[in-house]
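Visitor: A single structure is presented below for examination.
Chains as they are written, first to last, in our numbering: chain A, 9 to 63; chain B, 8 to 713.
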């Protein structure tokens, strides 16, 4: 019984952490362009932020 | 930098690889004024944030210079955004239900394994704690839909689902409070999980097809350059154009509004509106229609109608009226639910009454009634249709057929006659060179260079043919275009010309489209063009007839133009029909109980596409055609039509098999439930097994025969 009282919150906590991570990923748009994400990894480098003319 | 950022989105039909992404994003972010550019590869779009110094036309040209064709995406519609939101909400609800199902199931397994006393009580309370917020959150799509149906006095699939889930949860909560042995929390949440999976698949399929269709769409008229009385000019979006404005329309641009030509003369490609591929000459005083393409020279027009008053918008209203029958279509799952739901609820009520009479006490009787509801809750039924349709739509997409709507497959499977438009549907809708190439090998590089310089459809056709033969264009220096006549350049001291036969000075053929090519001093070569019938159109029509469909042509074209096509394909044809007459022809068929598959492409087919029981359009169709059609097929061949038909019929066969499997499973389990032998363990096993069987059966649709 003592073990369970410790283990169940841990299990639920881990599950909830995964759930929140997934929600964050959906909200952050990580599922908006799955094909593009698969391809972008092949790019030499992500186009980096460049200096822009001020003004 | 100004704080006012503008956002623009462009459709990029041509991006294929990682290099394209890098090239566009890199190229655009080098453009002064662009703050950020991000390509969405899945939707084939690029979103650009820029400051006020740039406008849409400049950005479009910049993307053009990078080597990609880009079309401005009009503001995403309310419906569009709502659908994207719906998919996201479903995904979140699915994640929550998945989390809850796993945890509750873990707890339930320990109970089934023999946990007793305070441990069971603790686990029941934990399950309740997880399950109740989950049902409240993840159950919403079902509750909302069920409530909407009930309020209108109907039932659908979601009514028995909602009642089953809610009753199971409430009863389990009661059991937990009084310390009973059986709680069905695991049943309720895993039911939600399975059903949400089906719902999400359905929604994801619609999203994907909509994105693909949008990326193929050509914008009819995103806007135009307006000249103000003070002489200044600016690019104005179509929505902001108003009657009385003066507009300059450049060569190769589409008219953004209906109007009258004030200055200049040109040829107009009105194939989008009329379906005729031959260009029409237009001079001062002639009317032009929004969406048509200005081919040969810049003209100035006065806007007579803009926005909702244009001929195109009128056609859209006609389509809306014609499409109302389709929105009343009841999908097979809901038709099944109309019989299924009352039967199940009666059965549950009867078991309750029966056990009460038998003296089991109201508590025990209620438990058994709820077990009946859970066992019969249409979990497999809810998966039977979407899984089959998603698997079939995926297989069809790989063969170049986009299914825009889940109910499209159901309606396509029921079609028993088919009506074709001619131009652009049975034919390719673009001129092709007839016969052998009449030009000498040394003339071909010159002809290609001239052909590339003009936007006339005949020169485009000639350039395509020459490029296909591997000809490299000659370097011709300055090329001059004479509107309505042709193009001219100098080569080796001689004038070379490509243009209308009359201008070049050779006899024009009596009928059909032709142009001529000549080098000064030599004989002119006459090039004849015609709109070619799609390859294997005849065999596709034969296949459709073999599948039991009655085929005919509905064309807006002249009898002389339709007759040869009808004769070659062996179909009867109705000619010279206006868009309204096409709709009437389809309504007449519907009135005698026929279900018409309409295949068409042009704006003039839009209302007929909407009126048909189901409709298909080639990817080369106008965007009106693509929007109105339920399925869109890629490529030059017409074979996708019979393939789609047999795939749809096969899908519905599998769907019906799935219904039989799911209901058969229920028939086995229901007697056990009524007898009071179903524990939560039996319910969980029955539910998952029937779902897995249904999914496995649907996966057989992954391969579609050619």
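We treat Cβ as the ideally placed atom computed from N, Cα and C, and that holds for glycine.
What residue from B:591, B:682, B:28, B:690 has the CA that sits closest to residue 367 of chain B's CA?
Guide: Numbered from 1 along the second chain, position 360 holds the residue referred to as residue 367 of chain B. Ranking the options by Cα distance to residue 367 of chain B, first place goes to B:682.
Visitor: As a quick exercise: from B:181, B:565, B:105, pick the residue whose alpha carbon is nearest that of residue 146 of chain B.
Guide: Locating residue 146 of chain B in the second chain gives position 139, counting from the first residue. Checked all of B:181, B:565, B:105; the closest Cα to residue 146 of chain B is B:105.
Visitor: Excluding the 5 residues preceding and the 5 following residue 557 of chain B in the sequence, name in chain order all residues of the same chain whose CB lies nearer than 6 Å to its CB.
Guide: Translated into the one-based positions of the second chain, residue 557 of chain B becomes position 550. Once the five neighbours on either side are set aside, the close Cβ partners of residue 557 of chain B are 424.
Visitor: Whole angstroms is fine: what's the gap from residue 639 of chain B's alpha carbon to residue 562 of chain B's?
Guide: Counting from 1 along the second chain, the entry for residue 639 of chain B is found at position 632. Counting from 1 along the second chain, the entry for residue 562 of chain B is found at position 555. Approximately 20 Å, taken between the alpha carbons.
Visitor: What three-state label does DSSP hand residue 537 of chain B in the structure shown?
Guide: Counted from its first residue, the second chain places residue 537 of chain B at position 530. If DSSP states are grouped into helix, strand and coil, residue 537 of chain B belongs with the strands.
Visitor: Leaving out the 5 sequence neighbours to the left and right, which residues in its chain are closer than 8 Å to residue 439 of chain B when beta-carbon positions are compared?
Guide: Position 432 of the second chain, counting from 1, holds the residue named residue 439 of chain B. Contacts found: 468, 472, 536, 537, 538, 539.
Visitor: Compute the distance between the beta-carbons of residue 214 of chain B and residue 412 of chain B, then report whether it is under 8 Å.
Guide: Taking the first residue of the second chain as 1, we reach residue 214 of chain B at position 207. Taking the first residue of the second chain as 1, we reach residue 412 of chain B at position 405. No, these two residues do not count as a Cβ contact at 8 Å.
Visitor: Within a Cβ cutoff of 6 Å, which residues of the same chain sit near residue 64 of chain B, ignoring the five residues on either side of it in sequence?
Guide: Within the second chain, the letter at position 57 stands for residue 64 of chain B. Counting only Cβ-Cβ distances below 6 Å, and skipping sequence neighbours, we find 242.
Visitor: Residue 659 of chain B to residue 652 of chain B, Cα distance in whole Å?
Guide: As a first step, residue 659 of chain B must be located in the second chain, where it is residue number 652. As a first step, residue 652 of chain B must be located in the second chain, where it is residue number 645. Between residue 659 of chain B and residue 652 of chain B, the C-alpha separation is close to 11 Å.
Visitor: Drop a sphere of 10 angstroms on the beta-carbon of residue 210 of chain B, count the other beta-carbons inside from all chains shown, and report buried for 16 or more, exposed for fewer.
Guide: Residue numbering aside, residue 210 of chain B sits at position 203 when the second chain is read from its first letter. It is buried - the Cβ of residue 210 of chain B has at least 16 other Cβ atoms within 10 Å.
Visitor: Kindly indicate the opening and closing residues of the beta strand (DSSP E) around residue 16 of chain B.
Guide: One-based indexing of the second chain puts residue 16 of chain B at position 9. Taken as a continuous stretch (DSSP letters only), the beta strand (DSSP E) holding residue 16 of chain B covers 13-18.
Visitor: Report yes if the CB atom of residue 256 of chain B is closer than 8 Å to the CB atom of residue 339 of chain B, and no otherwise.
Guide: Taking the first residue of the second chain as 1, we reach residue 256 of chain B at position 249. Taking the first residue of the second chain as 1, we reach residue 339 of chain B at position 332. No, the Cβ-Cβ distance between residue 256 of chain B and residue 339 of chain B is not below 8 Å.
Visitor: To the nearest angstrom, report how far apart residue 688 of chain B and residue 134 of chain B are at their CA atoms.
Guide: Counted from its first residue, the second chain places residue 688 of chain B at position 681. Counted from its first residue, the second chain places residue 134 of chain B at position 127. Each residue's alpha carbon lies about 15 Å from the other.
Visitor: Compare the C-beta of residue 64 of chain A with all C-beta atoms of chain B and state if any pair is closer than 8 Å.
Guide: Because chain A here runs from 9 to 63, residue 64 of chain A falls outside it and cannot be looked at.
Visitor: Residues of chain B with CB closer than 9 Å to the CB of residue 18 of chain A, please, in chain order.
Guide: Taking the first residue of the first chain as 1, we reach residue 18 of chain A at position 10. Going along chain B, no residue has its Cβ under 9 Å from residue 18 of chain A, so there is no contact; the nearest lies around 12 Å.
Visitor: Please decide whether residue 296 of chain B counts as near chain A, where near means a Cβ-Cβ distance under 8 Å.
Guide: Mapped onto the second chain, residue 296 of chain B falls at position 289. Not one chain A Cβ lies under 8 Å of residue 296 of chain B.
Visitor: Considering Cα atoms alone, identify which of B:569, B:312, B:19, B:54 is closest to residue 36 of chain B.
Guide: Counted from its first residue, the second chain places residue 36 of chain B at position 29. Closest by alpha carbon: B:54.
Visitor: Any chance the stretch 584-593 of chain B sits against the stretch 614-623 of chain B, with 3 or more Cβ pairs inside 8 Å?
Guide: With the cut-off at 8 Å, the stretch 584-593 of chain B and the stretch 614-623 of chain B touch.
Visitor: Among B:560, B:497, B:357, which has the Cα closest to the Cα of residue 431 of chain B?
Guide: Locating residue 431 of chain B in the second chain gives position 424, counting from the first residue. Among B:560, B:497, B:357, the Cα nearest to that of residue 431 of chain B is on B:560.
Visitor: Determine, using beta-carbon pairs with one atom in the stretch 93-108 of chain B and one in the stretch 191-206 of chain B, whether at least three such pairs fall under 8 Å.
Guide: As far as the Cβ criterion goes, the stretch 93-108 of chain B touches the stretch 191-206 of chain B, which means the pair count is three or higher.
Visitor: Residues of chain A with a CB under 8 Å from the CB of residue 28 of chain B: which are they?
Guide: In the second chain, counting from the first residue as 1, residue 28 of chain B sits at position 21. Correct list: 44, 47, 48, 51.
Visitor: Strictly by DSSP, which residues pair up with residue 242 of chain B?
Guide: For the purposes of this step, residue 242 of chain B is taken as residue 235 along the second chain, with counting starting at 1. Beta-bridge pairing links residue 242 of chain B to B:232.
Visitor: Closer than 7 Å by beta-carbon distance: list the chain A residues that pair up with residue 49 of chain B, in chain order.
Guide: Position 42 of the second chain holds residue 49 of chain B. Those within 7 Å of residue 49 of chain B in chain A are 41, 42, 43, 44.
Visitor: Taking just the CA atoms, how far does residue 194 of chain B sit from residue 157 of chain B?
Guide: To locate residue 157 of chain B, count along the second chain from 1; it is residue 150. To locate residue 194 of chain B, count along the second chain from 1; it is residue 187. Spanning the two alpha carbons is a distance of roughly 24 Å.
Visitor: Residues of chain A with CB closer than 7 Å to the CB of residue 99 of chain B, please, in chain order.
Guide: As a first step, residue 99 of chain B is located in the second chain; it is residue number 92 there, counting from the start. Here the neighbours are 31, 34.
Visitor: Taking only beta-carbon atoms, is residue 699 of chain B less than 8 Å away from chain A?
Guide: Counting from 1 along the second chain, the entry for residue 699 of chain B is found at position 692. Output row for residue 699 of chain B: interface = no.
Visitor: Going by DSSP in three states, residue 56 of chain B sits in which element: helix, strand or coil?
Guide: Sequence index remark: in the second chain, residue 56 of chain B carries index 49 (1-based). Correct three-state label for residue 56 of chain B: strand.
Visitor: Taking only beta-carbon positions, decide if residue 27 of chain A is within less than 8 Å of chain B.
Guide: What you label residue 27 of chain A is simply residue 19 of the first chain in a count that begins at 1. By this cut-off, residue 27 of chain A is an interface position.
Visitor: Give me, in chain order, the residues of the same chain whose beta-carbon lies closer than 6 Å to that of residue 68 of chain B; leave out the 5 immediate sequence neighbours on both sides.
Guide: Taking the second chain and counting its residues from 1, the one referred to as residue 68 of chain B is at position 61. The answer is none, since no qualifying residue turns up.
Visitor: Taking residue 452 of chain B as the reference, which of B:474, B:443, B:461 has the closest Cα?
Guide: Working through the second chain from its first residue, we reach residue 452 of chain B at position 445. Cα-wise, what sits closest to residue 452 of chain B is B:474.
Visitor: At a Cβ cut of 8 Å, what residues of the stretch 587-616 of chain B count as close to chain A, listed as they run along the chain?
Guide: Going along the stretch 587-616 of chain B in chain order, one finds no residue with a Cβ nearer than 8 Å to chain A.
Visitor: Output, in chain order, the set of chain A residues within a Cβ distance shorter than 9 Å of residue 106 of chain B.
Guide: Translated into positions along the second chain, residue 106 of chain B becomes position 99. Those within 9 Å of residue 106 of chain B in chain A are 23, 24, 26, 27, 30.
Visitor: Let's test the definition: count the other Cβ atoms within 10 Å of the Cβ of residue 14 of chain B and tell me whether it reaches 16, buried, or not, exposed.
Guide: As a position in the second chain, residue 14 of chain B is number 7, starting the count at 1. Residue 14 of chain B should be labelled exposed.
Visitor: Against chain D, with Cβ distances strictly below 8 Å, would residue 709 of chain B count as a contact?
Guide: Although the question refers to chain D, the structure presented lacks it and instead comprises the protein chains A and B.
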